[in-house]
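J.:
In the UniProt record's numbering, the protein residues as written are 1 to 496.
(1) As an exercise, report each continuous beta strand (DSSP E) stretch of at least 3 residues that is fully enclosed by the stretch 298 to 372, in chain order.
(2) Touch check for the stretch 183 to 201 and the stretch 263 to 280: three-plus C-beta pairs under 8 Å?
(3) Per DSSP, which one or two residues make a beta bridge with residue 492?
(4) I need the straight-line Cα distance from residue 490 to residue 339, nearest angstrom please.
(5) Give me the Cα-Cα distance between residue 50 and residue 101, rounded to the nearest whole angstrom.
(6) When you compare the stretch 407 to 417 with the stretch 429 to 440, are there three or more beta-carbon pairs, one atom per stretch, that lie closer than 8 Å?
(7) For the beta strand (DSSP E) holding residue 42, just list the boundary residues, first then last.
(8) Please classify residue 4: is it buried, with 16 or more other beta-carbons within 10 angstroms of its beta-carbon, or exposed?
(9) Would you tell me roughly how many angstroms separate the C-alpha atoms of residue 140 and residue 336, rounded to the nearest one?
(10) Alpha carbon to alpha carbon, how far is residue 368 from residue 362? Give it in angstroms, no decimals.
(11) Count the other CB atoms, across all protein chains shown, that sit within 10 Å of the CB of residue 322; report buried if there are 16 or more and exposed otherwise.
(12) Could you pull out every residue in the same chain whose Cβ sits closer than 6 Å to the Cβ of residue 487, ignoring the five residues on either side in sequence?
(13) Would you kindly work out how many angstroms separate the C-alpha atoms of residue 426 and residue 446, rounded to a whole number?
(14) Can you give me the Cβ contacts of residue 309 inside the same chain, cut-off strictly under 6 Å, excluding the 5 residues immediately before and after it?
(15) Please name the residue, chosen from 145, 97, 334 and 306, that lies closest to residue 315 on a Cα-to-Cα basis.
(16) Counting Cβ pairs, one atom from each stretch, are 3 or more of them under 8 Å apart for the stretch 112 to 120 and the stretch 37 to 49?
(17) For residue 400, which of helix, strand or coil comes out of DSSP?
(18) Can you tell me whether residue 167 is buried or exposed, with buried defined as 16 or more other CB within 10 angstroms of its CB?
(19) Compute the Euclidean distance between the alpha carbons of residue 97 and residue 70, then round it to the nearest angstrom.
(20) Quick one, which of 307, 385 and 494 has its alpha-carbon nearest residue 350's?
(21) Three or more beta-carbon pairs under 8 Å between the stretch 244 to 253 and the stretch 53 to 66, yes or no?
(22) According to DSSP, is residue 386 helix, strand or coil?
(23) Exposed or buried, what is residue 153 when buried is set at 16 or more other beta-carbons lying within 10 Å of its beta-carbon?
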């Protein structure tokens with residue numbers, strides 16, 4: 001699957017689009033004032049321990065305290081015991097026996113603050129390089145699960161040899177070989193090992209000089225992560241539209257990631273770089289609920305704090321043979337589209353896909369197989385179940401950063417996230433009830449209703465008889481005032 005990467009840089013914002021066969025597959029955005037925290041390492045201070053939740057709140061200098069669960073605590077092995085053996089043999093001790101209020105801990109952010117939730121932390125530090133992931137507290141040598149099983153053992157042995165060269169026994173630390181390092185040379189792996197160990201030494205030294213709640217290590221910027229995380233064998237080109245950033249990224253790439261940097265090109269076209277593949281249009285579509293399919297069917301995507309639901313509909317597609325065939329073809333196309341939307345919108349957590357009901361088991365299996373095939377291209381970890389008795393497919397996608405909608409949009413002040421507002425007539429009836437309620441408690445000379453022009457027009461026209469009847473019943477005049485600044489279902493009743 002050949003891909004091109006477009007980088008649109010501005011002083012306030014960096015945007016990256018991953019293109020495969022002319023279609024936008026991923027969009028990444030990083031704003032200068034709102035950089036993500038995942039991968040950052042802090043010297044945290046324990047603010048509170050919650051035994052009932054087996055967790056603790058850690059002050060790392062952010063607006064909200066970060067969250068540390070007992071499962072993310074690194075357990076120091078006993079004397080003479082390997083780290084991996086310690087984890088296998090020793091059950092996790094209660095958090096209140098491992099940390100205490102006021103204690104300083106080196107912690108790493110594994111999930112950005114999302115919504116009302118603070119950042120999630122781990123004391124199991126890892127540092128990602130171009131070829132490897134370094135686990136300084138571990139002794140494990142691992143290989144990416146995406147590398148063929150037949151090659152893993154030889155690669156693991158080779159990496160073990162490289163990691164132990166010139167290092168005292170027991171001081172090697174752990175390493176995981178990343179997918180893009182499958183064909184890396186010993187020299188390339190050795191450079192990555194040296195770079196990661198040097199970075200870890202610098203972090204430890206900084207920790208001895210800084211006060212609690214200090215940043216010890218900041219993960220790479222989005223520009224740099226393009227070379228580290230997004231570039232692979234399928235990458236044909238990396239186009240960037242800033243001469244200054246092209247020079248800076250080229251220098252960074254030549255030093256740390258020369259193979260990836262070889263794909264860098266300065267974009268000199270007159271059209272905005274994102275216009276090449278209508279990326280801005282795709283971003284606009286990704287913020288909407290409806291996704292049209294080529295067949296005439298469509299998806300409805302609803303994102304909540306806990307989960308995302310995706311409903312598949314045939315729409316205007318009627319097929320050419322029979323209903324079962326129509327449903328099957330729509331669901332096959334939907335399986336491809338859903339996998340793409342998950343990447344494009346960066347949707348994480350629990351996802352429930354409601355495919356159109358299929359009567360034939362072989363059709364269900366074919367759709368599920370296609371869905372899993374498309375998800376296998378995702379660089380983010382996913383897990384998919386089978387069809388439930390109700391015809392739903394449940395899956396999870398690892399969530400570490402905000403979704404595209406959370407990053408680029410905010411809750412509507414009018415509907416407060418509900419997506420709907422009350423009708424004009426509903427608001428008018430609410431006002432009539434509220435006046436009656438107020439009249440039973442207070443004795444003003446007059447009631448004045450302040451509402452939107454549409455509501456005022458409703459009260460003066462279709463509901464004028466009810467308004468006059470209410471005025472006679474309470475024995476008080478009711479005046480009306482239109483206010484354009486109010487939301488569709490907002491109003492105020494003033495006692496004069």
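Here a beta-carbon is modelled for each residue, glycine too, at the ideal position from N, C-alpha and C.
T.: With the structure as the only source:
(1) 298 to 303, 307 to 313 and 349 to 354
(2) no
(3) Working through the chain shown from its first residue, we reach residue 492 at position 492. Answer by DSSP bridge pairing, in chain order: 450.
(4) Start at 1 with the first residue of the chain shown, and residue 490 comes out as number 490. Start at 1 with the first residue of the chain shown, and residue 339 comes out as number 339. Rounded to the nearest angstrom, the two C-alpha atoms are 40 Å apart.
(5) Residue numbering aside, residue 50 sits at position 50 when the chain shown is read from its first letter. Residue numbering aside, residue 101 sits at position 101 when the chain shown is read from its first letter. Cα to Cα, residue 50 sits roughly 10 Å from residue 101.
(6) no
(7) By 1-based counting over the chain shown, the position of residue 42 is 42. From DSSP, the beta strand (DSSP E) with residue 42 extends over 41 to 50.
(8) Indexing the chain shown from 1 puts residue 4 at position 4. Answer is buried; the Cβ neighbour count reaches 16.
(9) To locate residue 140, count along the chain shown from 1; it is residue 140. To locate residue 336, count along the chain shown from 1; it is residue 336. Between residue 140 and residue 336, the C-alpha separation is close to 36 Å.
(10) Taking the chain shown and counting its residues from 1, the one referred to as residue 362 is at position 362. Taking the chain shown and counting its residues from 1, the one referred to as residue 368 is at position 368. In a straight line, the C-alpha of residue 362 is about 10 Å away from that of residue 368.
(11) On the chain shown, position 322 is the one that residue 322 refers to. That one is exposed.
(12) Your numbering for residue 487 matches position 487 in the chain shown. If we look at residue 487 and ignore the five residues flanking it on each side, its Cβ neighbours are 414.
(13) For this step, residue 426 is matched to residue 426 along the chain shown. For this step, residue 446 is matched to residue 446 along the chain shown. Using only the alpha carbons, I get a separation of about 23 Å.
(14) As a working note, residue 309 is residue 309 in the chain shown. Hits under 6 Å: 302 and 352.
(15) Indexing the chain shown from 1 puts residue 315 at position 315. Comparing Cα-Cα distances from residue 315 to each of 145, 97, 334 and 306, the minimum goes to 334.
(16) yes
(17) To locate residue 400, count along the chain shown from 1; it is residue 400. In the structure shown, residue 400 sits in coil (DSSP, three-state: anything other than H, G, I, E or B).
(18) If you number the chain shown from 1, residue 167 lands on position 167. Flag for residue 167 reads exposed.
(19) On the chain shown, position 97 is the one that residue 97 refers to. On the chain shown, position 70 is the one that residue 70 refers to. Roughly 10 Å between the two C-alpha positions.
(20) Mapped onto the chain shown, residue 350 falls at position 350. That would be 307, whose Cα lies nearest to the Cα of residue 350.
(21) no
(22) Here residue 386 refers to the residue found at position 386 of the chain shown. In the structure shown, residue 386 sits in a strand (DSSP, three-state: E or B).
(23) One-based indexing of the chain shown puts residue 153 at position 153. Result: exposed.
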